[in-house]
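*Asks:*
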Amino acid sequence: MKCHNTRRGAAVKVIAISFGVILATSLLYLLQLSHLYNHREITMMNIQVHDNKGIATHKLSAADITPQVERKLKALYAFGGFCKVGNQKYPSAESLLADCAPRMAS
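Position one of the sequence shown corresponds to residue 59 (our numbering), numbered consecutively onward.
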């Protein structure tokens, strides 16, 4: 009897240690995912473009802001359109780029 209980105790310890290792590995993986998700949120911005066709949302990163995109934004404002990020409406393309570019680069 005593040997049977010892084996059961050893098996329970092995199962508990295995479960602890799996739990710790899962938590580390989730922490890494949350770090990547938070980093992605900083580098990507949702910009709402309001023009005569309606509203379109674009996800842009710092790499997406090219001279061609800047020209398109300036043309949008020249023809009466505007952009919003969240609840903030930007009065000009220059103010949008000046405010968003440093946040996307970090």
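In this text, a Cβ means the ideal position worked out from N, Cα and C, and glycines have one as well.
(1) Tell me whether the beta-carbon of Cys-141 lies closer than 8 angstroms to the beta-carbon of Ile-105.
(2) Mind reading off the beta-carbon distance from Ala-159 to Tyr-135? Whole number of angstroms is fine, and I expect it under 8 angstroms.
(3) Closest by CA to Asn-110, which one among Ala-133, Asp-122 and Lys-117?
(4) Who are the near neighbours of Ala-156 in its chain, counting only those whose CB is closer than 7 angstroms to its CB and skipping five residues on each side?
(5) May I ask you to report which of helix, strand or coil DSSP gives Ser-153?
(6) Which residue marks the beginning of the beta strand (DSSP E) containing Ala-136, and which one marks its end?
*Replies:* To lay it out plainly:
(1) yes
(2) The Cβ separation is near 16 angstroms, so there is no contact.
(3) Ala-133
(4) none
(5) helix
(6) Here Ala-136 belongs to no beta strand (DSSP E); instead the alpha helix (DSSP H) covers 125 to 136.
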